[in-house]
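Below: one structure, written as structure tokens.
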Amino acid sequence: MLIKKANDIPSSEITSKSMYLNRRKFLAAMGIAGAAAVGAKGIFELASSSNGAYAAEKILNLQKSPFSTNEKVTPEETVTHYNNYYEFSTEKEEPAGLAKNFRTRPWSVTIDGDVKKKQKWDIDSILKFAPPEERIYRHRCVEGWSIVVPWVGFSLSELIKRAEPLGKAKFVEFTTINAPGEMPGQQRPVLDWPYVEGLRMDEAMHPLALLCFGMYGESLPNQDGAPLRMILPWKYGFKSIKAIVRIRFTENQPMTSWNKANPPAFGFYSNVNPNVETYHSQSFERRLGEFRPRPTLMFNGYDQVASLYSGMDLKKNY
Amino acid sequence: MIRYIKVAIFIVALVPLASLMWGFFGPTPRDMTTWGAGLGANPIEKITHVTGDWTLRFLLITLAVTPARKLLKMPSLIKFRRMLGLFAFFYACLHFLTYIWLDKFFNLHEIFADISKRKFITIGLTALVLLVPLAITSTTGWIRRLGGKRWQALHRLIYFSAIAGVIHYIWLVKADIRKPLEYSAVLAVLLLYRIAIWGTTALKNRTLLATGPGRPLVES
């Protein structure tokens, strides 16, 4: 282990006083006893890794969240074998197999744009920004199907405050990795790769916006967006970008991939809205596992975001 | 002999439906506890896609009979064309039934909204509707009733149905139009064949009219 000399250590790595004073509580929350050094795996159980192939790692000391729903959770098998992940394939059953050897370590996220200082954070340090919470969210695809998934992560706001965006930043833009060697779908211009998504700053700061790195108590499977993704439960699923490598703060509304591909069908906001038909009628949805269709709820049932859009014409700003 | 082949084709043509039913009612793979899991996580979507695919395939197979007869010099292939065409109609009906029943649960308001507002559904329904008179008049009785020429004219509707079906597929796809384009390519070849035949026949007829019967086309 390299012992750094004092002037090698950048100020951003200085432990804040409050964190220092609460370090034992902090470490305990991460499930690592007392003064034990935080290992390279960080928040995951220090499990014996298999031959490098993907092995789900259990996340320790999950906090419960008041944002969780009591609805019936979709079986994990469904959520891991039915994936719209065009970077791998446009057939929903294929990403599970195609993503098997996708490398999620080493992984870093670039933070740039209108920020105090451009950063490049290793993912394992990002995962320690806040205690991991289990949030059971409804997830609604624009195609008309929905699932209920126990995601694991913490509010995106925890990352944003550490990124220190400047006052003029009004939007957050996310970019997925561009890796056509590992992601066969990126070898054809099905979409304009890499995948880009965006949020208005107040949407990004909303506590519901989840920076997600796990599901069902374990690290994210590759086909579900490993190692880091967004989950925005009040919006159509394509807004919940996967395999994030860059987060940029900007003054101007970002051009998102699906909006670029088909502007009338996929808007920047794409809030779940039974009254606005975009790609097709959105009044009903099929919860996977259920036989009958069920009515779609405004904001997917997450009324707490309604205040973000008060006064906005949601038919125009779809 | 023809009879046996017909029975064989009939059985084989039912295989896609049989595999759907097996997936729906049969044992579920892995640990999936949800109904119809043999068809994956979204069985209704799977049934819709499979029935749609086979509608298009049978339409294209039916359209391939005439070129096959000429090119393989097997005129008796015509005997199978009716059954193949009816299977296209059969899968089209299943596809439509899946939509109005399993997908929309007979919600007429939703169905009419879809048909009027989503153009891929409008054109899909058009493709189906065009097949209805063809299915009804598929019998020899009707060939006699209409007379060969009128029957043949009516049954040219299959070209429009196939074109509408392919456009339905192109319009419903969100980004990856590879598969619909593959169907379009096959359809284009089958239609070009007919255009070529029509073109050369028209040319031949014009020359005949000009030179009159009884005179050789080519001065030897």
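Chain order of the listed sequences is A and B.
Going by the numbering used here, the first residue of the first sequence is number 1, and it counts up by one from there.
Going by the numbering used here, the first residue of the second sequence is number 1001, and it counts up by one from there.
Using N, Cα and C, we set each Cβ at its ideal position, and we do this for glycine too.
C-alpha distance - residue i paired with residue j, whole-angstrom precision
i                : j                : result
N271 of chain A  : F284 of chain A  : 15 angstroms
I1002 of chain B : I1009 of chain B : 10 angstroms
E164 of chain A  : K118 of chain A  : 10 angstroms
K1179 of chain B : I1115 of chain B : 24 angstroms
Y1063 of chain B : A1092 of chain B : The sequence shown places Leu at residue 1063 of chain B, rather than the Tyr named in the question. Going from the Cα of L1063 of chain B to the Cα of A1092 of chain B covers about 16 angstroms.
K1079 of chain B : L1125 of chain B : 29 angstroms
F266 of chain A  : N259 of chain A  : 5 angstroms
H1049 of chain B : W145 of chain A  : 15 angstroms
E203 of chain A  : T1055 of chain B : 45 angstroms
E331 of chain A  : R248 of chain A  : Within the shown structure, residues of chain A are numbered from 1 to 318, placing residue 331 of chain A beyond reach of any answer.
K64 of chain A   : G181 of chain A  : 38 angstroms
D122 of chain A  : T296 of chain A  : 39 angstroms
H206 of chain A  : S157 of chain A  : 7 angstroms
H139 of chain A  : G1165 of chain B : 32 angstroms
E251 of chain A  : F1025 of chain B : 54 angstroms
K315 of chain A  : G237 of chain A  : 19 angstroms
R1081 of chain B : N300 of chain A  : 50 angstroms
K1174 of chain B : V1015 of chain B : 29 angstroms
G167 of chain A  : I160 of chain A  : 12 angstroms
Which of helix, strand or coil DSSP assigns to residue i
i                : result
H280 of chain A  : coil
H81 of chain A   : helix
Q63 of chain A   : strand
S155 of chain A  : strand
E182 of chain A  : coil
E1045 of chain B : helix
T176 of chain A  : strand
F213 of chain A  : strand
W1171 of chain B : helix
T74 of chain A   : coil
M312 of chain A  : coil
V245 of chain A  : strand
Q1152 of chain B : helix
V38 of chain A   : Annotation note: pLDDT 42 at V38 of chain A (below 50); position unreliable, coordinate value reported separately. Correct three-state label for V38 of chain A: coil.
F129 of chain A  : coil
Y1225 of chain B : Here chain B covers residues 1001 to 1220 and nothing more, so residue 1225 of chain B does not appear.
P150 of chain A  : strand
Q119 of chain A  : strand
S270 of chain A  : coil
D192 of chain A  : coil
Y236 of chain A  : strand
Cutoff 7 angstroms; reference residue i; Cβ partners in own chain excluding five residues on either side
i                : result
E218 of chain A  : A56, E57, K58, I59
K239 of chain A  : E197, L232, S270
T256 of chain A  : V196, E197, G198, F268
P1190 of chain B : For the record, residue 1190 of chain B in the displayed sequence is Leu; it is not Pro. Here the set comprises L1060, L1063, A1064, P1067.
F1120 of chain B : H1168, W1171, L1172
T1051 of chain B : Y1091, L1094, H1095, T1098
S1019 of chain B : none
Neighbourhood of residue i by C-beta, 6 angstroms cutoff - its chain only, sequence neighbours within 5 removed
i                : result
V1186 of chain B : L1060
T104 of chain A  : A226, P227
A261 of chain A  : L191
L1154 of chain B : none
G1040 of chain B : K1046
A1162 of chain B : L1059, L1187
F174 of chain A  : E197, I241, I244, I247
Where the beta strand (DSSP E) containing residue i begins and where it ends
i                : result
H1095 of chain B : Careful: H1095 of chain B lies outside any beta strand (DSSP E), inside the alpha helix (DSSP H) at 1078-1097.
H1109 of chain B : Here H1109 of chain B belongs to no beta strand (DSSP E); instead the alpha helix (DSSP H) covers 1108-1117.
M205 of chain A  : Not the beta strand (DSSP E): M205 of chain A falls in the alpha helix (DSSP H), residues 201-205.
I111 of chain A  : 108-113
Residues near residue i in its chain [Cβ-Cβ closer than 8 angstroms; skip 5 each side]
i                : result
P184 of chain A  : F88, S89, L98
W1151 of chain B : T1137, W1142, I1143
I1195 of chain B : none
W151 of chain A  : E134, R135, I136, Y137, L210, C212, G214, M215, I231
Residue i, enclosing alpha helix (DSSP H) - first and last residue
i                : result
Q223 of chain A  : Note, Q223 of chain A: premise wrong, no alpha helix (DSSP H); not H, not E.
M230 of chain A  : Note, M230 of chain A: premise wrong, no alpha helix (DSSP H); beta strand (DSSP E) at 229-231.
I1002 of chain B : 1002-1013
| task | Anything in the segment 89-106 of chain A with a Cβ closer than 7 angstroms to a Cβ of chain B? List those residues in chain order, please. | result | T90, E93
| request: Return the residues of the segment 184-214 of chain A that lie within a Cβ-Cβ distance of less than 7 angstroms from chain B, sorted by chain order. | output: Those residues of the segment 184-214 of chain A that come within reach of chain B (Cβ to Cβ, closer than 7 angstroms) are V190, L191.
| message | By the 7 angstroms beta-carbon criterion, what residues does the segment 1098-1115 of chain B contribute toward chain A? | response | F1105, E1110, A1113, D1114
| Which residues, taken in chain order from the segment 284-313 of chain A, show a beta carbon closer than 9 angstroms to some beta carbon of chain B? | The residues in question are F284, R286, L288, G289, E290, F291, R292, P293.
| query | Of all the residues that make up the segment 134-148 of chain A, which are near chain B by a beta-carbon distance shorter than 9 angstroms? | reply | Of all residues in the segment 134-148 of chain A, only V142, E143, G144, W145, I147 place a beta-carbon less than 9 angstroms from a beta-carbon of chain B.
| said: Counting only Cβ-Cβ distances shorter than 9 angstroms, please list the residues of the segment 270-282 of chain A near chain B, keeping chain order. | reply: E277, Y279, H280, S281
| request: For the segment 1041-1062 of chain B, enumerate the residues whose C-beta is nearer than 8 angstroms to any C-beta of chain A, in chain order. | output: A1041, N1042, I1044, E1045
| Chain-ordered residues of the segment 52-83 of chain A with a beta carbon less than 7 angstroms from chain B | P75, E77, T78, H81, Y82
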